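Colleague: One structure coming up, written as structure tokens, with questions to follow.
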Amino acid sequence: MPSPDRQQRIAALRDRIADIERKPALAEARALVREDVAGFPLPAGGLLQEVFTDERRHAGAVLGFALAQARSLLSRQRPAVIYLQLVKDAQEMGLPYGPGVLSFGFDPDALVLVRAANMMELLWAAEEALACKAVAAVVADIAGHAKILDFTVSRRLSMRAASRGCSIFLLRYGLLREASAAHLRWRLVPTSSARKRFDPLAPGAPRWRAQLEKGVLRKQQTEWLLGWTKDGFTTRDAARRHANRIVAQPALPGAVPAHLADRLPETA
Amino acid sequence: MLFLPTWPTDCLKRLDRQLKGPLVLYERIKGGLRLAAVDAEARQAGLSVGQNLADARAMVPDLVVREIDRPLLEAVFADFADWHSNASPLVAVMSHASAFGDLVLDITGVAHLFGGERAMLRLLLTRLRDIGYTVAGAIAPTIGAAWAVSHFARSQVVEPADLETILDTLPVNALRLSETQIAGLNQMGLKTIGQLRPRERKPLQARFGLSLLERLDQALGLLEERMMPRLPIAERYAERRFVDPIGLMDDVLMTAHDLAIQLAIRLEAEGLGGQAFHLFLYRVDHKVMSLSVNSARLTRDPEHITKLFSNRSERLEGEYDAGFGIDMIRLAVSSMGELDAVQLGAFASQDGTEDLDQLHDRISSRLGTLAVLRTQFVQSHVPERAARLVPALAHVPTASVRPPLDLVRPLRLLPRPELVAINAEVPDGLPASMIWRRVGYRLVKASGPERLGAEWWRSGQRLQLVPPHVPKRPEPGEKPEQPPYIPDLVLLDPDGMTRDYYNAEDAEGRRFWIYREGLYGETRWYLHGFFA
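Going down the list, the protein sequences come from chains V and L. Residue 254 in the working numbering sits at position 253 of the first sequence, with consecutive numbering throughout. Residue 89 in the working numbering sits at position 79 of the second sequence, with consecutive numbering throughout.
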């Protein structure tokens with residue numbers, strides 16, 4: 002006969018399991034967000050996130066935001082991020098560029114590009130990738146508004162993402178918001194970059210204004226002014242003048258060699 | 011059958027673009043210099059193979075002369091033959107007449123991939139003619155007939171029904187006979203195959219030997235002739251025949267699953283695994299359909315193989331046509347390697363690379379191999395050359411050539427740089443405004459230039475198909491060899507291709523990577539990428 006204390010614990014665990022099974026994603030994800038740290042609360046894996054931006058020429062910013070989040074999801078068990086794009090969008094939007102991805106602070110070997118011929122195949126590949134237990138995140142770059150991508154499809158993707166613990170980012174462009182089952186929906190706009198040391202004329206580290214349109218990450222906060230450095234997100238609060246830094250895990254596996262000479266001095 | 015009558019000269023002309031005019035190749039036979047190959051121009055001037063070189067020089071004063079290098083030509087022709095395995099897996103070189111010039115392709119069950127025999131022949135011929143080869147070709151039910159038609163008639167597809175009528179009109183030389191046999195037949199007044207065919211066989215055999223009848227029967231298809239394919243064929247396969255032909259794709263896939271299990275048991279016993287799997291569907295009406303899938307790592311897992319085939323089959327939904335039914339299915343494996351028995355589960359590595367490889371296989375099998383890509387770094391400073399996208403199945407990580415981390419490179423690169431209009435406040439100053447895709451941008455921050463020069467060491471490069479030419483020391487009494495020609499390729503202009511890259515940001519925080527091409531005079535601006 003187990004002790005009452007133990008029975009209570011088993012009951013609590015059963016509740017927790019039931020909770021997970023019923024509402025898999027966001028409640029749990031919110032519990033996993035590191036509330037104690039000030040700054041940007043990094044969402045956990047297993048979410049469908051829509052990242053909207055107003056115009057297609059902001060394609061670099063949304064990709065950067067998605068990769069920055071995906072980087073924190075990479076682990077030894079989940080070593081890959083799948084990027085999906087339609088073949089016809091490559092010239093308009095550009096393709097992720099290995100050296101650029103590397104200098105952004107993301108390991109290009111972890112990035113797999115999938116180029117689909119039509120939306121149907123892209124969604125099929127997204128679902129197939131979500132089902133793989135070695136994929137940390139799927140980044141789907143969808144330039145246009147496809148009829149096929151409706152509520153049912155996004156519900157399907159969000160369920161799949163929640164059950165497999167793999168995040169999916171839909172990069173969307175434009176002002177139109179369709180009904181979707183996304184856990185989080187962002188509106189992202191690039192803002193003028195950080196100051197570069199010793200050279201006020203040069204663009205510095207990227208900065209984005211991220212507005213959470215759907216879902217809750219932290220109570221009473223829906224807007225962040227995010228910065229990105231190789232070490233992780235930085236946030237700027239209007240109240241506090243200095244940047245709070247969250248250090249994510251190291252991005253690049255292995256040691257990074259030091260350069261003897263500074264190839265591109267900051268004053269370039 | 012493809013016949014390239016002037017292959018040696020065409021090949022040399024392709025290798026060396028400056029070779030012009032009538033070209034002949036000579037060879038030393040019994041102390042005399044005889045022509046071994048002539049090109050079309052020389053043939054028109056009246057030259058022919060076997061002629062004395064001195065006579066030829068007298069007939070055509072501006073003749074270009076080279077000594078023939080048979081081993082080299084044979085090697086190049088063998089590669090050329092292997093290349094044709096993109097048309098059919100069974101390719102052979104017919105070497106009884108000459109070691110180069112005759113190519114046999116067994117296109118059984120292949121022609122439908124090219125839209126029929128006629129379209130296939132046209133494709134094979136035009137793609138060779140486009141790159142400068144003289145070529146004739148024929149598709150016929152027998153090797154002998156195809157040889158005869160390609161050498162002595164116009165390029166065509168010979169249907170089995172008119173095989174005899176077409177052969178009858180051809181001269182006896184078309185039977186691949188020896189010189190003496192041909193001379194003898196001509197003496198008897200037998201000029202064409204049609205005259206030869208109704209003759210009594212016994213006297214012919216007595217006079218010309220068995221080989222004449224053999225060649226005749228081979229051409230007519232009465233005697234089987236085998237070809238020796240150059241490339242190995244898959245040696246492990248499992249197959250199933252059906253009493254009643256099947257037609258549904260689901261049935262085919264179920265059979266493929268059964269065959270994959272059979273094959274897996276055999277492969278496991280031998281400790282082997284494969285990377286390429288081919289499913290051949292033999293239709294009742296003598297046609298074969300083939301489906302191929304590739305796997306990133308050696309495998310024999312039947313579930314995985316079946317999954318790949320079912321993905322692959324979804325891609326050909328429209329093209330799948332079982333015709334009157336499929337009566338045999340064969341699953342073959344190639345690219346095999348040793349794969350020891352592994353225990354899965356308890357001791358399997360947990361790093362997920364195997365799952366990832368299987369995911370690549372699955373996506374590639376449906377979207378195509380070229381749809382799943384990874385970045386491969388190349389040692390180059392030209393941005394578009396520094397990173398190549400290679401199929402994930404063929405990716406080899408190259409940690410050593412990674413670019414340094416502190417380079418300023420955009421997150422997205424446009425496959426083709428786009429022309430933009432740029433204004434700078436002062437000449438050679440930082441760009442101040444830009445018009446791209448008909449929208450103006452005011453650039454408030456910029457840094458640069460980062461000057462990237464053209465790769466001058468690649469300027470004179472050309473296709474190296476053969477080892478470089480080493481001049482021989484002239485023997486006494488022989489004329490010194492002519493120096494090799496330098497190809498007339500357009501030389502690269504390093505100044506015109508030099509790029510100055512700027513990292514520019516507009517008033518709203520969009521960051522662009524733009525460059526100016528050229529140093530002086532005519533310079534143009536391009537947009538090449540976006541930063542995060």
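Beta carbons are placed, not taken as given, at the ideal position from N, Cα and C, and that holds for glycine. Predicted model, so just to flag it, every value in this text is computed and none were measured.
Would you check if the distance between the CB atom of Gln371 of chain L and the CB atom of Leu318 of chain L is smaller than 8 angstroms?
Modeller: The residue asked about is misnamed: residue 371 of chain L is Asp in this sequence, not Gln. Cβ distance < 8 angstroms, so Asp371 of chain L and Leu318 of chain L count as in contact.
Colleague: Can you look up Gln285 of chain L in the DSSP assignment and give me helix, strand or coil?
Modeller: If DSSP states are grouped into helix, strand and coil, Gln285 of chain L belongs with the strands.
Colleague: Hey, is Ile373 of chain L's beta-carbon within less than 8 angstroms of any beta-carbon in chain V?
Modeller: By this cut-off, Ile373 of chain L is an interface position.
Colleague: Does DSSP put Asp112 of chain L in a helix, a strand or coil?
Modeller: DSSP places Asp112 of chain L in strand when its eight states are reduced to three.
Colleague: Should Met264 of chain L be labelled buried (16 or more other beta-carbon atoms within 10 Å of its own) or exposed?
Modeller: Flag for Met264 of chain L reads exposed.
Colleague: Tell me which residues of the segment 216-230 of chain V have at least one Cβ-Cβ distance to chain L shorter than 9 angstroms, keeping chain order.
Modeller: Cβ contacts with chain L come from Trp229.
Colleague: How big is the Cα-Cα spacing for Thr192 of chain V and Trp229 of chain V?
Modeller: One C-alpha to the other measures close to 12 angstroms.
Colleague: Helix, strand or coil: how does DSSP classify Ala182 of chain V here?
Modeller: In the structure shown, Ala182 of chain V sits in coil (DSSP, three-state: anything other than H, G, I, E or B).
Colleague: Which chain V residues sit within Cβ distance under 9 angstroms of Asn513 of chain L?
Modeller: The contacting residues are Ala203 and Pro204.
Colleague: Which residues in the same chain have their Cβ closer than 6 angstroms to the Cβ of Ala248 of chain L, if we skip the five residues on either side of it in sequence?
Modeller: Excluding sequence neighbours, Ala248 of chain L sits near Leu269, Gln272, Leu273 and Leu341.
Colleague: For Ala156 of chain L, which residues from the same chain have a beta carbon less than 8 angstroms from its beta carbon, with the 5 sequence-adjacent residues on both sides left out?
Modeller: Excluding positions up to five away in sequence, the list reads Met11, Val114, Ala148, Ile149, Ala150 and Val168.
Colleague: Could you give the residue range of the beta strand (DSSP E) that holds Asp510 of chain L?
Modeller: Asp510 of chain L -> beta strand (DSSP E) spans Arg509 to Asp516.
Colleague: Quickly, what does DSSP pair Trp535 of chain L with across the bridge? List them, please.
Modeller: Per DSSP, L:Val430 and L:Arg526.
Colleague: Quick one: give me the first and last residue of the alpha helix (DSSP H) that Leu273 of chain L is part of.
Modeller: Leu273 of chain L -> alpha helix (DSSP H) spans Met259 to Glu280.
Colleague: Taking all protein chains shown into account, decide if Thr309 of chain L is buried (16 or more other Cβ within 10 angstroms of its Cβ) or exposed.
Modeller: Thr309 of chain L should be labelled buried.
Colleague: Does Arg15 of chain V get closer than 8 angstroms to chain L when you measure Cβ to Cβ?
Modeller: Output row for Arg15 of chain V: interface = no.
Colleague: Give every residue of the same chain whose Cβ lies closer than 6 angstroms to the Cβ of Leu423 of chain L, excluding the five residues on either side of it in the sequence, and list them in chain order.
Modeller: Counting only Cβ-Cβ distances below 6 angstroms, and skipping sequence neighbours, we find Gly539.
Colleague: Please state whether DSSP places Thr179 of chain L in a helix, a strand or coil.
Modeller: If DSSP states are grouped into helix, strand and coil, Thr179 of chain L belongs with coil.
Colleague: Please check if any C-beta of chain V sits within less than 8 angstroms of the C-beta of Glu518 of chain L.
Modeller: True, the Cβ-Cβ gap to chain V drops below 8 angstroms.
Colleague: Among residues of its own chain, excluding the 5 on either side of Ser4 of chain V, which ones have a beta-carbon nearer than 8 angstroms to its beta-carbon?
Modeller: None.
Colleague: Grab the span of the beta strand (DSSP E) containing Trp225 of chain V for me, first residue to last.
Modeller: First-last of the beta strand (DSSP E) with Trp225 of chain V: Glu224 to Thr230.
Colleague: For Ala60 of chain V, which option in V:Gly145, V:Glu224 and V:Glu129 has the closest C-alpha, if you only look at C-alpha atoms?
Modeller: The option with the nearest alpha carbon to Ala60 of chain V is V:Gly145.
Colleague: List the DSSP bridge partners of Val113 of chain V.
Modeller: Answer by DSSP bridge pairing, in chain order: V:Ile83 and L:Arg384.
Colleague: Just mark Asn321 of chain L as buried or exposed, buried being the case when its beta carbon has 16 or more other beta carbons within 10 Å.
Modeller: With 16 or more Cβ atoms within 10 Å of its Cβ, Asn321 of chain L is classed as buried.
Colleague: Would Asp311 of chain L pass as an interface residue toward chain V - the criterion being a Cβ-Cβ separation below 8 angstroms?
Modeller: So no, Asp311 of chain L is outside the interface.
Colleague: Using the three-state DSSP reduction, which class does Leu462 of chain L fall into: helix, strand or coil?
Modeller: Note: Leu462 of chain L maps to strand in three-state DSSP.
Colleague: Output the boundary residues of the beta strand (DSSP E) element that contains Glu249 of chain L.
Modeller: From DSSP, the beta strand (DSSP E) with Glu249 of chain L extends over Arg246 to Ile256.
Colleague: Give a yes or no on whether 8 angstroms exceeds the smallest Cβ distance from Cys167 of chain V to chain L.
Modeller: Chain L contact via Cβ: absent.
Colleague: So that I know if they touch, is there some Cβ in chain L lying closer than 8 angstroms to that of Val248 of chain V?
Modeller: Annotation note: pLDDT 44 at Val248 of chain V (below 50); position unreliable, coordinate value reported separately. Answer no: the Cβ-Cβ gap between Val248 of chain V and chain L never drops below 8 angstroms.
Colleague: Please state the DSSP three-state secondary structure of Gln205 of chain L.
Modeller: Three-state DSSP puts Gln205 of chain L in a helix.
Colleague: Please name the residue, chosen from L:Ser410, L:Phe387, L:Ile256 and L:His391, that lies closest to Phe334 of chain L on a Cα-to-Cα basis.
Modeller: With distances taken between Cα atoms, Phe334 of chain L lies closest to L:Ile256.
Colleague: Would the segment 104-113 of chain V count as touching the segment 401-421 of chain L if we require 3 or more Cβ pairs under 8 angstroms?
Modeller: Yes: at least three Cβ pairs fall under 8 angstroms.
Colleague: Could you tell me how far apart the beta carbons of Gly56 of chain L and Met69 of chain L are, in whole angstroms, since I believe they sit closer than 8 angstroms?
Modeller: At roughly 6 angstroms, the Cβ-Cβ gap stays under 8 angstroms, so Gly56 of chain L and Met69 of chain L are in contact.
Colleague: Starting from Phe5 of chain L and walking both ways along the alpha helix (DSSP H), at which residues does that stretch end?
Modeller: Any question about residue 5 of chain L goes unanswered here, given that chain L covers just 11 to 542.
Colleague: Classify Trp467 of chain L: buried if its beta carbon has 16 or more other beta carbons within 10 angstroms, exposed otherwise.
Modeller: Flag for Trp467 of chain L reads exposed.
Colleague: Just to confirm before moving on: does the CB-CB distance between Pro97 of chain V and Leu185 of chain V stay below 8 angstroms?
Modeller: Not a contact, by the Cβ cut-off of 8 angstroms.
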